[in-house]
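Accompanying notes for the structure given below.
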Amino acid sequence: MRIDVVSIFPEYLAPLELSLIGKARQDGLLELNVLDLRDFTTDRHRTVDDTPYGGGAGMVMKPEPWAQALTSVAGPGAGAEKPVLIVPSPAGERFTQATAHELAGEDRLVFACGRYEGIDERVLEWAAEHFTVRPMSLGDYVLNGGEVAVLAMVEAIGRLLPGVVGNPESLVEESHSDGLLEYPVYTKPSSWRDRNVPAVLLSGNHGKIAQWRRHEQYRRTAERRPDLLEGFDAGALPRADRTAFADLGYDVVDGRLARRPADGGEPA
Ligand code: SAM
Numbered sequence: 000m001r002i003d004v005v006s007i008f009p010e011y012l013a014p015l016e017l018s019l020i021g022k023a024r025q026d027g028l029l030e031l032n033v034l035d036l037r038d039f040t041t042d043r044h045r046t047v048d049d050t051p052y053g054g055g056a057g058m059v060m061k062p063e064p065w066a067q068a069l070t071s072v073a074g075p076g077a078g079a080e081k082p083v084l085i086v087p088s089p090a091g092e093r094f095t096q097a098t099a100h101e102l103a104g105e106d107r108l109v110f111a112c113g114r115y116e117g118i119d120e121r122v123l124e125w126a127a128e129h130f131t132v133r134p135m136s137l138g139d140y141v142l143n144g145g146e147v148a149v150l151a152m153v154e155a156i157g158r159l160l161p162g163v164v165g166n167p168e169s170l171v172e173e174s175h176s177d178g179l180l181e182y183p184v185y186t187k188p189s190s191w192r193d194r195n196v197p198a199v200l201l202s203g204n205h206g207k208i209a210q211w212r213r214h215e216q217y218r219r220t221a222e223r224r225p226d227l228l229e230g231f232d233a234g235a236l237p238r239a240d241r242t243a244f245a246d247l248g249y250d251v252v253d254g255r256l257a258r259r260p261a262d263g264g265e266p267a
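Numbering (numbering that gives the first Met the number 0), first residue to last: 0 to 267.
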């Protein structure tokens, strides 16, 4: 996969030289280029922003440096397929593990890091001729710039590329891979500061361990992220798992989980 990142703070992306992503670059699994938007300005001050039309606070990123920068990455070697242009924005679609999987299947990604009040909207319209444009949000909060979002997205996408994570099994059993949060994990020693590892994990009974882990996933998800259970397919759950959900206050209705009201009424 080839990734290009355009930013006014290229040095912000330096952590992508470290750890698994850094190694993936060294091993040739990932080509990652960082471009300085100011290199595509033509004035003495290398200006990338101006005041907003219509008034209001803050500055807006000027369109022409973006057009020049994006033309340079979409141009030579771009191939027939339009690269995906990801524009980090709190007003974008939510970036999730499913998005990471989808984007890990692309050959080329380009990230456009906004700053100030964002990028002149016409850039996104113009870019749609050369790219598949996807404004994308890390979550419902506002960052100062797109760079932190790009660090997170590139790491989430990059670790899904074949060969990047040593043991691909570890990608299967983690949070969000099956729509649930991961179960709690423990290592040696089995007793630490008067706290013991759950006995089932020491039992050697793989069936029981798998069941305990699944039920812990249900418990954690119900406690911390009940919204994730709304889309959970409960149609084929074994009896023990239905009981685990019943203990957490959920009944299976028409293959979906329904939260039992605290007053004992009909499930929601
Ligand atoms: N005025 C913009 C708005 O309200 O939608 C916010 C601009 S923010 C201060 C500057 C830049 O940070 C954005 O252009 C975007 O690149 C990035 N950014 C901020 N919050 C983000 C989020 N939740 N997800 C992704 N990128 C974000």
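We put the beta carbon where it would ideally sit given N, CA and C, even for glycine.
Query raised in the report: So does Gly-138 have its beta carbon nearer than 7 angstroms to some heavy atom of the ligand SAM?
Result: Yes, Cβ of Gly-138 sits closer than 7 angstroms to a heavy atom of the ligand SAM.
Query - Identified DSSP bridge partners for Asp-3 - result: Asn-32 and Val-109
Query raised in the report: Quick one: Cα of Val-86 to Cα of Pro-134, how far?
Result: 4 angstroms
Query raised in the report: Rounded to the nearest angstrom, how far is the Cβ of Leu-36 from that of Ala-68, given a contact under 8 angstroms?
Result: 5 angstroms
**Report entry** Check whether Leu-201 and Ala-221 have beta carbons under 8 angstroms apart
**Finding:** no
Query raised in the report: If you draw a straight line from the C-alpha of Met-58 to the C-alpha of Ala-90, how long is it?
Result: 17 angstroms
Query raised in the report: If you pair each beta-carbon of the stretch 0–9 with each one of the stretch 23–36, do three or more pairs fall below 8 angstroms?
Result: Yes: the two stretches touch, three or more of their Cβ pairs being nearer than 8 angstroms.
Query raised in the report: Would the beta-carbon of Phe-94 fall within 8 angstroms of that of Val-109?
Result: no
Query raised in the report: Taking the continuous beta strand (DSSP E) assigned at Thr-50, which residues delimit it?
Result: Counting along the chain, Thr-50 falls outside any beta strand (DSSP E), and DSSP gives it neither H nor E.
Query raised in the report: What are the start and end residues of each continuous alpha helix (DSSP H) run of 4 or more residues lying completely inside the stretch 184–252, in chain order?
Result: 205–223, 225–228 and 238–246
Query raised in the report: By a C-beta neighbour count over all protein chains shown, 10 Å radius and 16 as the cutoff for buried, is Glu-63 buried or exposed?
Result: Exposed, by the Cβ-count rule.
Query - Neighbourhood of Ala-99 by C-beta, 8 angstroms cutoff - its chain only, sequence neighbours within 5 removed - result: Met-152, Ala-155, Ile-156 and Leu-159
Report task. Check the C-beta distance from Gly-144 over to Cys-112 and give it rounded, since I have them as a contact under 8 angstroms. Result -> 6 angstroms
Query raised in the report: How is the beta strand (DSSP E) around Asp-92 delimited, first residue to last?
Result: The amino acid occupying residue 92 in the given sequence is Glu; Asp does not appear at that position. Segment 83–93, the beta strand (DSSP E) holding Glu-92.
Query raised in the report: Regarding Val-116 and the ligand SAM, is the C-beta to nearest heavy atom distance less than 7 angstroms?
Result: The sequence given here has Glu at residue 116, not Val. Yes.
Requested in this report: Return the CA-CA distance between Arg-241 and Asp-250, expressed in angstroms with no decimal places.
Outcome: Between the C-alpha atoms of Arg-241 and Asp-250 there is a straight-line separation of about 7 angstroms.
Query raised in the report: Which runs of the beta strand (DSSP E) spanning at least 3 residues fall entirely within the stretch 149–177, listed in chain order?
Result: Segments of the beta strand (DSSP E) lying fully in the stretch 149–177: there are none.
Requested in this report: Pair every Cβ in the stretch 44–58 with every Cβ in the stretch 182–190, then say whether three or more of these pairs are closer than 8 angstroms.
Outcome: no
Query raised in the report: Relative to the ligand SAM, is the shortest distance from any of its heavy atoms to the C-beta of Leu-142 smaller than 7 angstroms?
Result: yes
Query raised in the report: Does the Cβ-Cβ distance between Arg-224 and Leu-180 come in under 8 angstroms?
Result: Against a cut-off of 8 angstroms, the Cβ pair of Leu-180 and Arg-224 comes out as a contact.
Query raised in the report: For Ala-13, which of Glu-146, Arg-1, Ala-209 and Gly-203 has the nearest alpha-carbon?
Result: Glu-146
Query raised in the report: Is any heavy atom in the ligand MN found nearer than 7 angstroms to the beta carbon of Ser-176?
Result: In the structure on display, the ligand MN does not appear, and the ligands it does have are the ligand SAM.
**Report entry** Reduced DSSP secondary structure (H/G/I, E/B, other) of Pro-260
**Finding:** coil
Query - Cut-off 8 angstroms between Cβ atoms - residues of its own chain near Tyr-140, not counting five sequence neighbours on either side - result: For Tyr-140, the CB contacts under 8 angstroms within the same chain, skipping 5 residues up- and downstream, are Pro-89 in chain order.
Report task. Could you please give me the residues that DSSP links to Met-58 through a beta bridge? Result -> According to DSSP, which records beta bridges pairwise, Met-58 is partnered with nothing at all.
Query raised in the report: Which same chain residues, not among the five before or five after Gln-210, have their C-beta less than 7 angstroms away from its C-beta?
Result: Ala-239
Query raised in the report: Taking the C-alpha atoms as reference points, what is the distance between Gly-117 and Trp-65?
Result: 12 angstroms
Requested in this report: For Val-132, name the three-state secondary structure that DSSP assigns.
Outcome: strand
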